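Below: the structure, in structure tokens.
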Amino acid sequence: MRLLPCLLALLGTGAMAQDLSVEEWEPRSTLVVDEHEVPRAKFPVIDVHSHHRGSISEARLDAIVGEMDALNLAVLVNLSGGYGQRLRAAVQNFRQRHPGRFAVFANPDFGGIGTAGWPERAARQLEEDVEAGAQGLKIFKSFGMSVRDPQGRRVPVDDPAMDPLFRTCARLKIPVLIHVADPAEFWAPQDSRNERWLELKLRPRRKQEAPPSFEDLIAERDRMLKRHPDVNFILAHMGWQGNDLGKLGALLDEHPNVHVDIAAVLYELGRIPFSGPEFVNRYKDRVLFGKDSYEPSEFPYYWRVLETRDEYFEYYRRYHAHWRLYGLGLPDDTLKHIYWKNAVRLIPGIDASLFE
Ligand SMILES: [Zn+2]
Numbered sequence: 012m013r014l015l016p017c018l019l020a021l022l023g024t025g026a027m028a029q030d031l032s033v034e035e036w037e038p039r040s041t042l043v044v045d046e047h048e049v050p051r052a053k054f055p056v057i058d059v060h061s062h063h064r065g066s067i068s069e070a071r072l073d074a075i076v077g078e079m080d081a082l083n084l085a086v087l088v089n090l091s092g093g094y095g096q097r098l099r100a101a102v103q104n105f106r107q108r109h110p111g112r113f114a115v116f117a118n119p120d121f122g123g124i125g126t127a128g129w130p131e132r133a134a135r136q137l138e139e140d141v142e143a144g145a146q147g148l149k150i151f152k153s154f155g156m157s158v159r160d161p162q163g164r165r166v167p168v169d170d171p172a173m174d175p176l177f178r179t180c181a182r183l184k185i186p187v188l189i190h191v192a193d194p195a196e197f198w199a200p201q202d203s204r205n206e207r208w209l210e211l212k213l214r215p216r217r218k219q220e221a222p223p224s225f226e227d228l229i230a231e232r233d234r235m236l237k238r239h240p241d242v243n244f245i246l247a248h249m250g251w252q253g254n255d256l257g258k259l260g261a262l263l264d265e266h267p268n269v270h271v272d273i274a275a276v277l278y279e280l281g282r283i284p285f286s287g288p289e290f291v292n293r294y295k296d297r298v299l300f301g302k303d304s305y306e307p308s309e310f311p312y313y314w315r316v317l318e319t320r321d322e323y324f325e326y327y328r329r330y331h332a333h334w335r336l337y338g339l340g341l342p343d344d345t346l347k348h349i350y351w352k353n354a355v356r357l358i359p360g361i362d363a364s365l366f367e
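Per the numbering used here, the sequence shown starts with residue 12, numbered consecutively.
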């Protein structure tokens with residue numbers, strides 16, 4: 012009778028110590044430093060990168076607005092608006108009950124891309140979607156990776172079929188938020204040197220084996236950017252180059268119409284407490300706040316990295332980053348730019364009276 016508890020106690024200590032796997036190892040930090048939790052952003056924020064699919068009940072919308080108020084989130088941009096009837100329904104759903112608190116971006120219908128007439132049809136659809144209330148265009152990462160023409164050929168990011176669509180965005184003065192590629196480590200060997208090894212272990216389908224390579228996709232993206240200097244682009248996830256701010260800065264220098272959001276890549280800026288804030292201050296007109304998955308408990312990590320000078324604190328998603336974060340201590344002027352000023356400038360129809 013007493014054997015079982017004894018055995019469990021033994022397993023819980025000595026045996027466990029030797030058998031612990033790297034996935035289970037979550038060491039606490041013994042560092043003692045000042046800590047400043049930031050439950051609410053210092054200034055009102057526009058989250059330019061959020062996803063809410065399908066119809067949302069009035070009660071749920073009210074709850075979301077309550078959560079937004081607590082976080083000081085003034086506006087959420089729902090990038091998953093779709094096109095046509097779905098877009099129309101999304102605009103109604105989000106904008107009627109809480110005017111001004113939500114913006115909706117349209118998405119292209121890639122069905123039939125590569126056939127005659129698609130470029131003009133896609134441009135016309137967008138024009139209709141903007142008339143219905145869309146305030147921007149979001150292009151998902153499937154474009155460049157899994158979107159294929161009827162012959163089964165991959166459509167590259169710089170495909171000329173997109174030109175009429177982009178020209179329409181320039182004419183209607185709406186931004187294009189585009190997600191190209193994924194972290195470069197998804198293409199690298201999944202070995203002991205891979206920074207995203209844990210993520211690839213937990214999410215094996217994220218491993219990229221077939222072409223195009225990360226470099227191919229980025230080169231296609233950059234050729235596309237060059238062709239459309241009149242379009243305001245926002246590269247999602249810092250264009251997956253938040254780990255190389257020299258390269259990203261060169262891209263921003265070359266293209267004054269290109270911007271980045273920091274959605275789901277907080278772990279990049281959070282590990283560079285010196286050159287990170289230098290970059291954000293220098294490009295304060297080009298960096299926008301975004302979060303990606305809407306999870307109220309996770310926003311304060313962003314506020315803390317951007318606003319404080321806290322040191323070596325935990326991130327909320329270990330498989331994105333096994334390291335800890337540092338605060339950048341950004342000045343008020345920079346914070347206001349990335350929290351709302353840039354978004355108000357780029358996205359038409361946002362009520363500027365919500366700010367200051
Ligand atoms: Zn996203």
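Positions of the beta carbon are idealized from the N, C-alpha and C atoms, including for glycine.
Just so we're clear, the structure is a prediction, and the values are computed from it rather than from any experiment.
Please tell me whether residue i and residue j are closer than 9 Å, where the distance is taken between their beta carbons.
i, j, result
"Ile-124", "Asp-170", "yes"
"Leu-90", "Ser-68", "no"
"Arg-39", "Leu-72", "no"
"Ala-28", "Ile-361", "no"
"Arg-164", "Ala-192", "no"
"Ala-172", "Pro-130", "yes"
"Ser-286", "Leu-317", "no"
"Lys-258", "Ala-275", "no"
"Phe-300", "Tyr-350", "yes"
"Glu-196", "Arg-207", "yes"
Starting from residue i, trace the alpha helix (DSSP H) in both directions and tell me its first and last residue.
i, result
"Ser-304", "Ser-304 -> no alpha helix (DSSP H), and no H or E assigned at all."
"Asp-264", "256-265"
"Asp-140", "129-142"
"Phe-324", "No alpha helix (DSSP H) contains Phe-324, which DSSP labels as neither H nor E."
"Ser-286", "286-293"
"Leu-246", "From DSSP, Leu-246 is part of no alpha helix (DSSP H) but of the beta strand (DSSP E) over 244-246."
"Val-59", "Note, Val-59: premise wrong, no alpha helix (DSSP H); beta strand (DSSP E) at 56-61."
"Asp-344", "343-347"
"Val-187", "Counting along the chain, Val-187 falls outside any alpha helix (DSSP H), though it belongs to the beta strand (DSSP E) covering 187-189."
"Ala-181", "174-183"
"Phe-105", "95-106"
"Ala-28", "27-30"
If residue i sits next to residue j, beta carbons under 8 Å apart, how far is it from one beta carbon to the other, in whole angstroms?
i, j, result
"Phe-177", "Val-168", "Phe-177 to Val-168, Cβ: 12 Å. No contact."
"Phe-366", "Ala-70", "In fact, because the Cβ distance is near 28 Å, the residues do not count as touching under 8 Å."
"Asp-241", "Ala-332", "Their Cβ separation, rounded to whole angstroms, is 36 Å, which puts Asp-241 and Ala-332 out of contact at 8 Å."
"Val-374", "Glu-306", "A query on residue 374 cannot be resolved here, the shown segment of the chain reaching from 12 to 367 and no further."
"Ala-117", "Gly-92", "5 Å"
"Tyr-294", "Leu-336", "Tyr-294 to Leu-336, Cβ: 20 Å. No contact."
"Glu-309", "Tyr-327", "5 Å"
"Leu-211", "Gly-147", "So it is not a contact: roughly 32 Å between Cβ atoms."
"Arg-51", "Ala-81", "7 Å"
"Arg-315", "Gly-340", "Contact flag wrong, Cβ pair sits at about 11 Å."
Kindly indicate the opening and closing residues of the beta strand (DSSP E) around residue i.
i, result
"Ala-85", "84-89"
"Lys-149", "148-150"
"Asp-272", "269-272"
"Val-158", "Counting along the chain, Val-158 falls outside any beta strand (DSSP E), and DSSP gives it neither H nor E."
"Val-43", "From DSSP, Val-43 is part of no beta strand (DSSP E); its letter is neither H nor E."
"Ala-221", "Here Ala-221 belongs to no beta strand (DSSP E), and DSSP marks it neither H nor E."
"Val-276", "Counting along the chain, Val-276 falls outside any beta strand (DSSP E), and DSSP gives it neither H nor E."
Select from the options the residue whose C-alpha is nearest the C-alpha of residue i.
i, options, result
"Ser-66", "Thr-41, Ala-100, Asp-80 and Ser-40", "Ala-100"
"Asn-83", "Asn-205, Gly-95, Leu-259 and Lys-53", "Lys-53"
"Leu-228", "Glu-206, Leu-259 and His-190", "His-190"
"Lys-184", "Tyr-278, Leu-137 and Pro-288", "Leu-137"
"Ile-273", "Pro-175, Gln-146, Ile-57 and Asp-160", "Ile-57"
"Glu-325", "Glu-318, Tyr-312 and Arg-106", "Tyr-312"
"Pro-288", "Glu-306, Gly-260, Ala-192 and Val-49", "Gly-260"
"Pro-194", "Leu-188, Val-187, Pro-175 and Lys-218", "Lys-218"
"Val-269", "Arg-132, Gly-250, Pro-161 and Ala-134", "Gly-250"
"Arg-135", "Arg-216, Gly-95 and Leu-87", "Gly-95"
"Arg-297", "Ile-283, Thr-179 and Arg-356", "Arg-356"
"Gln-201", "Val-187, Pro-110, Leu-188 and Arg-216", "Arg-216"
"Asp-160", "Val-291, Asp-120 and Glu-196", "Asp-120"
"Leu-87", "Val-59, Arg-97 and Leu-317", "Val-59"
"Leu-263", "Asn-243, Ser-286, His-63 and Leu-280", "Asn-243"
"Glu-220", "Pro-50, Leu-236, Arg-214 and Ala-199", "Ala-199"
"Val-49", "Phe-290, Gly-338 and Thr-345", "Gly-338"
"Asp-174", "Asp-344, Lys-237, Ala-145 and Leu-42", "Lys-237"
"Ser-364", "Tyr-350, Thr-179 and Gly-111", "Gly-111"
"Leu-98", "Gly-144, Gly-128 and Arg-132", "Gly-144"
"Val-271", "Arg-64, Arg-106, Asn-353 and Met-235", "Asn-353"
"Arg-282", "His-266, Ser-304, Asn-292 and Gly-253", "Gly-253"
"Arg-64", "Thr-319, Glu-142, Ser-304 and Glu-37", "Ser-304"
"Leu-33", "Ser-203, His-348, Glu-265 and Pro-186", "Note that residue 33 is Val in the sequence shown here, rather than Leu. Cα-wise, what sits closest to Val-33 is Ser-203."
"Asn-152", "Asp-344, Lys-347, His-248 and Leu-31", "The sequence given here has Lys at residue 152, not Asn. Lys-152 has its Cα closest to that of His-248, out of Asp-344, Lys-347, His-248 and Leu-31."
"His-239", "Pro-186, Val-102 and Pro-342", "Pro-186"
"Thr-179", "Leu-209, Arg-106 and Ala-133", "Ala-133"
"Asp-140", "Val-158, Val-102, Met-156 and Gly-122", "Val-102"
"Glu-226", "Leu-42, Gln-162, Met-156 and Trp-334", "Met-156"
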